[in-house]
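So in the UniProt record's numbering, spot 39 of the sequence shown is number 39, and the numbers just go up one at a time.
No residue lacks a Cβ here, since even glycine has one placed at the ideal position from N, Cα and C.
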Amino acid sequence: MECLKRIEEFRPVDMVYDSREVSEGFVFFAIKGTKVDANRFVPNILAKFKRVLVVSENGFDDERCIKVDDVRKCMGLAADHFFNHPSKKLKVVGITGTNGKTTTTYLLRSIFDNSEIIGTTGWTLKDERFKLNNTTPESLDLHRILNRMAMANSEYCFTEVSSHALSFNRIEGVDFALKVFTNISQDHLDFYDNLENYAKTKLSFFERLKPKVVNADDSYGRMLIDAATISYGFSDFAFIKPIVYEYSLDGIKAKLNVARRTISITSPLIGDYNLYNIMAALGVALFFGVDFARIEEGIAKSKGAPGRLEFFQKDGAYAVVDYAHTDDAMRNVLEALNKIKKGRIITVFGAGGDRDRTKRPKMGSIAESLSDVVVVTSDNPRSEEPLAIIDDILEGISDRDRVIVEPDRFEAIKKALGMAEKGDLVTILGKGHEDYQILKDKTIHFDDREVVRRLWNLD
């Protein structure tokens with residue numbers, strides 16, 4: 001590519017896509033974002049710095065500018081080259097799907113020594129953890145992170161690959177050793193318009209690499225299965241499938257058939273959807289030749305990801321905080337908890353503002369059908385009116401006698417915990433690991449887990 005040749009000849013000090021970070025000797029990628037077009041900053045950058053190179057889709061009349069068709073694609077390839085191909089120095093596994101990505105990465109990090117993760121909860125480097133703005137960072141950041149991992153002699157990186165990462169070329173230039181498909185259900189329809197477009201984007205991840213681990217029970221997953229696939233699920237033809245399994249508040253016990261061999265699994269994780277996550281992790285471990293004893297040990301000690309079915313207990317009552325923020329994820333969590341509950345299920349949830357409105361009544365319907373009491377509240381309302389979002393949710397609920405409406409999330413959780421009796425399970429959904437709440441005019445600190453600990457005096 002002409003773009004890569006020009007950048008190499010320029011010999012950059014560093015590369016950035018944030019105009020505030022530009023300095024002498026830098027390459028600046030002028031990205032047209034959904035909210036800000038970075039091309040507006042280019043004239044000022046050219047006036048301020050003598051030695052600078054700008055990559056843009058616009059035609060600026062300056063020899064220091066390179067016109068390209070796709071800035072993000074050029075940025076990914078240039079970053080890979082600039083950092084000397086870091087993904088080739090690691091075994092990078094990409095995991096995509098609507099649900100299960102984060103938990104699967106945590107299971108894998110527990111199984112594999114000297115491994116790191118990139119995803120919804122941030123990225124790791126040995127014992128350190130760093131936050132991310134997106135599930136999958138921009139390609140320049142991604143290659144920079146992979147370079148940090150390679151320099152630290154990490155061997156594996158398990159990274160979540162979001163649909164937006166695929167749409168915006170965030171994984172451009174990354175060399176994947178293996179790819180994993182978990183499932184597809186409704187999400188991000190505010191961006192993709194319909195499920196087919198969303199699914200097409202997810203499946204595009206598998207166009208250029210044969211080795212893969214795939215959920216055989218998912219209709220879209222079955223489209224990916226070929227001779228180079230390790231499949232998992234309850235389907236008879238799955239390479240990995242459960243023989244016997246048992247769910248309880250203590251977790252999962254299962255025996256899995258793996259090509260005429262049997263592996264015994266014990267996990268503190270709960271529910272059949274976590275059994276799917278375990279099977280996905282098992283498929284990756286088998287691909288890399290990990291022995292059964294190490295797999296069993298890693299799964300047994302993994303508590304999963306932060307904010308995923310995190311349990312709290314006081315005086316015989318339970319509370320669980322989970323990130324489930326789609327109708328399918330809500331169904332998975334509530335169905336799993338219904339199988340092991342001792343008393344009532346009291347569900348607290350809301351829906352994100354400025355996001356797919358069509359899933360709101362569906363979430364309400366699922367909460368009603370799988371809960372004894374429903375407390376509808378705010379999630380991250382963003383620019384929308386909280387009560388308008390709640391009204392959308394209530395459209396899916398027919399029995400309003402079992403519903404409490406409380407827009408203030410703290411008060412909603414307080415009411416739910418206050419009515420919980422011995423054996424009851426308060427399920428607080430939507431935000432999981434998040435420690436903030438996005439309101440119309442500001443973002444405040446808010447962590448569901450901290451609220452539970454505070455109200456139940458668990459600290």
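Per DSSP, the beta-bridge partners of Met15 are Val27. Sorting Arg144, Cys74, Ser56 by C-alpha distance to the C-alpha of Ile66 places Ser56 at the top. Separation of the CB atoms of Tyr232 and Lys241 is rounded to 7 Å, and the pair is thereby assigned contact status at 8 Å. DSSP places His325 in no beta strand (DSSP E); its state is neither H nor E. Check the Cα spacing between Lys341 and each of Arg382, Leu370, Val68: the tightest is with Leu370. With a cut-off of 8 Å on Cβ pairs, the segment 165 to 177 is not in contact with the segment 45 to 63, counting fewer than three such pairs. In the DSSP assignment, the residues bridged to Asp37 are Lys32. When secondary structure is reduced to three states using DSSP, Thr124 falls in the strand class. Collapsing the DSSP output to three states places Val71 in a helix.
Between Val93 and Leu178 the beta-carbon gap is near 5 Å, inside 8 Å, which marks them as a contact.
Looking from the CA of Gly100, the closest CA among Asn215, Leu140, Asp127 belongs to Asn215. Looking at the DSSP output, Pro242 sits in a beta bridge with Leu256. DSSP lists Val93 as the beta-bridge partner residues of Leu178.
DSSP places Asn133 outside both helix and strand once states are collapsed to three, so it counts as coil.
For the segment 141 to 175, the continuous alpha helix (DSSP H) assignments of 4+ residues that do not extend past its boundaries occur at 163 to 167, in sequence order. The continuous alpha helix (DSSP H) containing Glu8 extends over residues 2 to 10. Taking a cut-off of 8 Å for Cβ pairs, the segment 379 to 390 and the segment 412 to 421 do not touch, as fewer than three such pairs fall below it.
Per DSSP, Asn215 is one residue of the beta strand (DSSP E) stretching across 212 to 215. Just measuring C-alpha positions, the residue of Tyr245, Ala30, Asp435, Leu417 sitting nearest Asn457 is Leu417. Restricted to the segment 260 to 295, the alpha helix (DSSP H) segments that are unbroken, complete and at least 4 residues in length are 272 to 287, listed in chain order.
Around the Cβ of Tyr436, a 10 Å sphere holds fewer than 16 other Cβ atoms; the residue is exposed.
Note that the C-beta distance between Ile393 and Pro361 is below 9 Å.
In the three-state scheme derived from DSSP, where H, G and I count as helix and E and B as strand, Phe237 is classed as coil.
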